[in-house]
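Here's the structure we're looking at; comments come further down.
Numbering (my numbering), first residue to last: 37 to 781.
Here it is in structure tokens:
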């Protein structure tokens, strides 16, 4: 060995020893050492229970009420002048020098949206053979208060329904499910007909997509009073403005498209110069004109129909027999020999839509994000959907912002607030955000909290979430008082309304799963694999059969409706704010993330038990083994138990920051292991193999359940091969998630 090399090695060793010494000194300092750097205490600090108590006490229902009053002054459909007013209002609040956030800004996307023509309203008429108009469906809802007469109230329409003119004999197709059209077609020749369907059973757009193969040329959609109003139909004394029930002319607007996000930029953020597909290449839109109408007009049309009596399950609240249609009307009807005509003038164009973003920077782990979001746009005034959630978010951010401004607190992790644009058109703002920041959000996001409709009513909390978040939701619910229930907590009150028996925990509130795309959690769950939840207060389902709150997506969803019928006194809003804020603080401030993998294991085991019970015998006949899936779920349980024991048996405040970070990353990234971009090629944006949407009635792993149903129906070998494929996808995803909970492979 030559001398220069020897000298270099000696010097290198000396430098290495120095570095090791510095690191030992750096991390070996105890948190009580007065000589240590100032950041040491912050690094080992856990969530402050006193701070949570202070937050709960600070939530002011009067502030929430004023937020809602301001947010609902004008209609604020996406990209409308009213929408821009709400953008400015939220920016002003988040940039307030006394109670605002560290930073707030707007992010712009150019998105493809659909509108009715103001100067050429959509029309639905009954016309006789001479084209004389015998009856015209209302173009606008009846006004009971001045806000319903606002010129910015958009006429009822089906967003993304194509423009067109369709005229034909009317038939009644129940909910517009494939099975409904199949049954109807056995009695009626559907070619050239117009179908009237009711909401529920199938997605809005599916009612037309399902109809077209049978030759149906147009679809009407109405809200059945039996499903939304408990049968009540009179605005003289039963419905709004006398109660919360939908009045006869109320029309549920909505987006009639299948895929979430901007339609022209799939898997790409809709920025100005982004590549766009041609509108004619969009998939999942209604192929025929579609229009929603009120039940007042549906009553007139359905009760005049001829043909055979529809099945009992198709009957509703109208004081008549629901018939299939001849097709067309009864021979004794004044509409005899008449057609129903749809004249739809919708148009679509690219418009600018804004997200409003705000952030409180973390003090220890600023590169770890807890995201709290809700959309801002509504079809009309949107007091409940979505402004109840936005009013709660603004109160929550006001309290936390003031704590930061006053120097009382700064979260361990960064908190991001998102006010998403154009959600009503299919979750557009949140999806474009996740597409634009895909890598950053995938690598850094701890959890997403969604509070859209904060309050459907004021009876009980309801929640849907990844199972790993169940425990933190329960912890928060146990610390908040239920409104009007004395000393009863939200948790105990919740158990009274809906519960289940857990093998581990006994009787607990029932938490739903995020299996669809009902709100802005969708892209976070299905596209990014981020632990997410959706919270709200809701009604007592033993007292009503309402499919959703009755003024949903109508011109009657106003401040007056919210304050008088949904949540008088705003106690429900206050409770949701307290609960959601409690959860947010725990996710942002806990030394170890409050994610419970053992609860996840319990859910996987329940899904497995169902799958084995429903599928195993027939799979064995096809030489498809479920053993790999059983082994994967068992491995997940073992790994979860080991990680839980490690967390609970360790004094992590005395561990190195890197050890805590390691455990938190295992918890945070576990759900990412369930993503498989090849699992659902026919389902846009769905990659999470546990919680993807499911068409099968069997409540288990969605890909497996749907593939099994298809194979059993067709009997094709190729379809049974897809079942085998999904068994393998699940086995490897769950096994991969189990390895995420180990220190090394």
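Every residue, glycine too, gets a C-beta built ideally from N, C-alpha and C.
- When burial is assigned at 16 or more other CB atoms within 10 Å of the CB, is residue 260 buried or exposed? For this step, residue 260 is matched to residue 224 along the chain shown. Flag for residue 260 reads buried.
- residue 286 vs residue 587 beta-carbon contact at 9 Å: To locate residue 286, count along the chain shown from 1; it is residue 250. To locate residue 587, count along the chain shown from 1; it is residue 551. It is a contact, given that the beta carbons lie within the stated cut-off.
- Query: What residue ranges within the stretch 420 to 447 form continuous beta strand (DSSP E) runs of no fewer than 3 residues, ordered along the chain?
  - Reply: Unbroken beta strand (DSSP E) runs of no fewer than 3 residues, entirely contained in the stretch 420 to 447, are not found.
- Thinking residue 778 and residue 675 are a contact (beta carbons under 8 Å), I'd like their distance in whole angstroms, please. Indexing the chain shown from 1 puts residue 778 at position 742. Indexing the chain shown from 1 puts residue 675 at position 639. Confirmed, Cβ separation roughly 6 Å.
- Message: On the CB-based measure, 16 or more other CB atoms within 10 Å of its CB, does residue 581 come out buried or exposed?
- Response: Looking up residue 581 in the chain shown gives position 545. Result: exposed.
- Is residue 175 helix, strand or coil by DSSP? Position 139 of the chain shown, counted from the first residue, corresponds to residue 175. Reduced to three states, the DSSP call for residue 175 is coil.
- Figure out for me which residue from 416, 396, 173 and 402 has the closest Cα to the Cα of residue 408. The sequence position of residue 408 within the chain shown is 372, counting from 1. The shortest C-alpha to C-alpha distance from residue 408 to any of 416, 396, 173 and 402 is the one to 396.
- Look at residue 585 and residue 489 and say whether their C-beta atoms are less than 9 Å apart. Here residue 585 refers to the residue found at position 549 when the chain shown is read from its first residue. Here residue 489 refers to the residue found at position 453 when the chain shown is read from its first residue. Yes, these two residues count as a Cβ contact at 9 Å.
- Query: For residue 149, which of 196, 320 and 170 has the nearest alpha-carbon?
  - Reply: Counted from its first residue, the chain shown places residue 149 at position 113. Comparing Cα-Cα distances from residue 149 to each of 196, 320 and 170, the minimum goes to 196.
- Per DSSP, the bridge partner or partners of residue 453: Translated into positions along the chain shown, residue 453 becomes position 417. Residue 453 pairs with 394 and 408.
- Length of the line joining the Cα atoms of residue 7 and residue 669: A query on residue 7 cannot be resolved here, the shown segment of the chain reaching from 37 to 781 and no further.
- Check whether the Cβ atoms of residue 509 and residue 571 sit closer than 9 Å, and answer yes or no. Stepping through the chain shown from its first residue, residue 509 is reached at position 473. Stepping through the chain shown from its first residue, residue 571 is reached at position 535. Their beta carbons are under 9 Å apart, which means residue 509 touches residue 571 by this criterion.
- Message: So the candidates are 649, 238 and 500; which of them puts its Cα closest to the Cα of residue 549?
- Response: Within the chain shown, residue 549 is the residue found at index 513, counting from 1. When each option's Cα is compared against that of residue 549, the closest is 500.
- Query: Near residue 300, which residues of its chain fall below 6 Å by C-beta distance, leaving aside the five closest residues on each side in sequence?
  - Reply: Here the question's residue 300 lines up with position 264 in the chain shown. Within the same chain, residue 300 has close Cβ partners 148, 312 and 313.
- Hey, would you say residue 78 sits closer than 9 Å to residue 448, going by beta carbons? As a first step, residue 78 must be located in the chain shown, where it is residue number 42. As a first step, residue 448 must be located in the chain shown, where it is residue number 412. Contact: yes.
- Element boundaries [beta strand (DSSP E), containing residue 498]: Within the chain shown, numbered from 1, the residue matching residue 498 stands at position 462. 496 to 501 is the span of the beta strand (DSSP E), which, as asked, contains residue 498.
- Item | Same chain, Cβ closer than 6 Å to residue 115, neighbours up to 5 away in sequence not counted | Within the chain shown, residue 115 is the residue found at index 79, counting from 1. Excluding residues within five positions, the ones whose Cβ falls inside 6 Å are 387 and 389.
- Run through the stretch 677 to 724 for me and flag every whole alpha helix (DSSP H) of 4 or more residues, listed as ranges in chain order. 693 to 705
- Would you tell me roughly how many angstroms separate the C-alpha atoms of residue 191 and residue 384, rounded to the nearest one? Translated into positions along the chain shown, residue 191 becomes position 155. Translated into positions along the chain shown, residue 384 becomes position 348. Between residue 191 and residue 384, the C-alpha separation is close to 16 Å.
- Message: Which residue wins for smallest C-alpha separation from residue 275, given the options 332, 297, 222 and 294?
- Response: One-based indexing of the chain shown puts residue 275 at position 239. Comparing Cα-Cα distances from residue 275 to each of 332, 297, 222 and 294, the minimum goes to 332.
- Could you pull out every residue in the same chain whose Cβ sits closer than 7 Å to the Cβ of residue 164, ignoring the five residues on either side in sequence? Against the chain shown, residue 164 aligns to sequence position 128. Hits under 7 Å: 170, 373 and 374.
- Message: Just list the residues that DSSP pairs residue 149 with in beta bridges.
- Response: Your numbering for residue 149 matches position 113 in the chain shown. Looking at the DSSP assignment, residue 149 forms a beta bridge with 385.
- Message: Considering only their Cβ atoms, is the gap separating residue 609 from residue 174 smaller than 9 Å?
- Response: Here the question's residue 174 lines up with position 138 in the chain shown. Here the question's residue 609 lines up with position 573 in the chain shown. No.
- Query: Given residue 309, which residues of its chain have a CB within under 7 Å of its CB, disregarding the five upstream and five downstream residues?
  - Reply: Stepping through the chain shown from its first residue, residue 309 is reached at position 273. Within the same chain, residue 309 has no close Cβ partners at all.
- Item | residue 627 beta carbon less than 9 Å from that of residue 84 | Start at 1 with the first residue of the chain shown, and residue 84 comes out as number 48. Start at 1 with the first residue of the chain shown, and residue 627 comes out as number 591. Taking 9 Å as the Cβ cut-off, residue 84 and residue 627 do not qualify as a contacting pair.
- Message: If you reduce the DSSP assignment to three classes, tell me which class residue 262 lands in.
- Response: The count along the chain shown starts at 1 and reaches residue 262 at position 226. In the structure shown, residue 262 sits in a helix (DSSP, three-state: H, G or I).
- Task: Note down the Cα distance separating residue 305 from residue 399, rounded to an integer number of angstroms.
- Result: Mapped onto the chain shown, residue 305 falls at position 269. Mapped onto the chain shown, residue 399 falls at position 363. Between residue 305 and residue 399, the C-alpha separation is close to 30 Å.
- Does DSSP classify residue 569 as helix, strand or coil? To locate residue 569, count along the chain shown from 1; it is residue 533. Three-state DSSP puts residue 569 in a strand.
- Message: Could you check whether the stretch 440 to 447 touches the stretch 479 to 489, counting it as contact only if at least three pairs of C-beta atoms, one from each stretch, sit closer than 8 Å?
- Response: no
- Query: In or out: residue 211 buried (at least 16 other Cβ within 10 Å) or exposed?
  - Reply: As a first step, residue 211 must be located in the chain shown, where it is residue number 175. The residue in question, residue 211, is buried, as its Cβ has 16 or more Cβ neighbours within 10 Å.
- Item | Proximity below 9 Å, CB of residue 363 to CB of residue 204 | As a first step, residue 363 must be located in the chain shown, where it is residue number 327. As a first step, residue 204 must be located in the chain shown, where it is residue number 168. In contact: residue 363 and residue 204 (Cβ atoms closer than 9 Å).
- Task: Report the rounded CA-to-CA distance for residue 417 versus residue 111, giving the unit in angstroms.
- Result: In the chain shown, residue 417 corresponds to position 381, counting from 1. In the chain shown, residue 111 corresponds to position 75, counting from 1. Each residue's Cα considered, the two are about 4 Å apart.
- Query: With 9 Å set as the bound, which would you pick, yes or no: does the beta-carbon of residue 559 sit closer than that to a beta-carbon of chain D?
  - Reply: Absent here is chain D; the protein component of the structure consists of one chain.
- Query: Candidates 229, 392, 498 and 739: which alpha carbon is nearest residue 465's?
  - Reply: As a working note, residue 465 is residue 429 in the chain shown. Proximity to residue 465 across 229, 392, 498 and 739 peaks at 392, based on C-alpha coordinates.
- Item | Top-ranked residue by Cα proximity to residue 264, from 511, 284 and 249 | Numbered from its first residue, the chain shown carries residue 264 at position 228. Ranking 511, 284 and 249 by Cα distance to residue 264 puts 284 first.
- Message: Beta-carbon within less than 8 Å of residue 113's beta-carbon, same chain only, minus the 5 sequence neighbours each way: which residues are those?
- Response: Position 77 of the chain shown holds residue 113. So the list reads 119, 188, 190, 413, 414, 415, 416 and 460, once near-sequence residues are dropped.
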